[in-house]
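Okay, structure first, notes after.
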Amino acid sequence: MKLNSYIRRRLGRLLTTSRQDRNLHLAYVAKALNISVHELDSIEIGCKSANWRKYQKLLDFYKQSVEVSLIDNPKL
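The sequence shown begins at -5 in this note's numbering and counts up by one.
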């Protein structure tokens, strides 16, 4: 899997969790950010090749940031 796809999917899942933890509906967040519900849903499942600015808008909306770290792969 390409790194970019992995990052988008992982970030999308984390954004979904952030939205759900705040008891917000897709339609509410989409309207607040002036994007379509379909586009927000696509971002959250990681299949939308959205502009990184939209991810930043979501992070700002949830008052969160991204931290990057390296971890060792488990031995197979």
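Heads up, the beta-carbon is just placed ideally off N, CA and C, and yes, glycines get one too.
Original post:
What first and last residue would you give for the alpha helix (DSSP H) that runs through Ser59?
Top reply: From DSSP, Ser59 is part of no alpha helix (DSSP H); its letter is neither H nor E.
Original post:
How would you label Ile62, buried or exposed, when you count the other beta carbons within 10 angstroms and need 16 or more for buried?
Top reply: The residue you asked about is not Ile; residue 62 is Val in the sequence shown. Flag for Val62 reads exposed.
**OP:** Kindly give me the distance between the Cβ atoms of Gly6 and Glu38, rounded to whole angstroms, as I take these residues to be in contact under 8 Å.
**Re:** 5 Å
Original post:
Using CA coordinates, which residue listed in Asn(-2), Leu9, Asp15 and Ile1 is at the minimum distance from Lys51?
Top reply: Leu9
Subject >> Proximity winner among Leu27, Val31 and Ser36, relative to Arg3 (alpha-carbon distances) >> reply: Ser36
Subject >> Ala24 versus Leu18 - alpha carbon distance >> reply: 10 Å
Original post:
If we ignore side chains and look at the alpha-carbon of each, how far apart do Gly40 and Asp66 end up?
Top reply: Those two C-alpha atoms are separated by around 24 Å.
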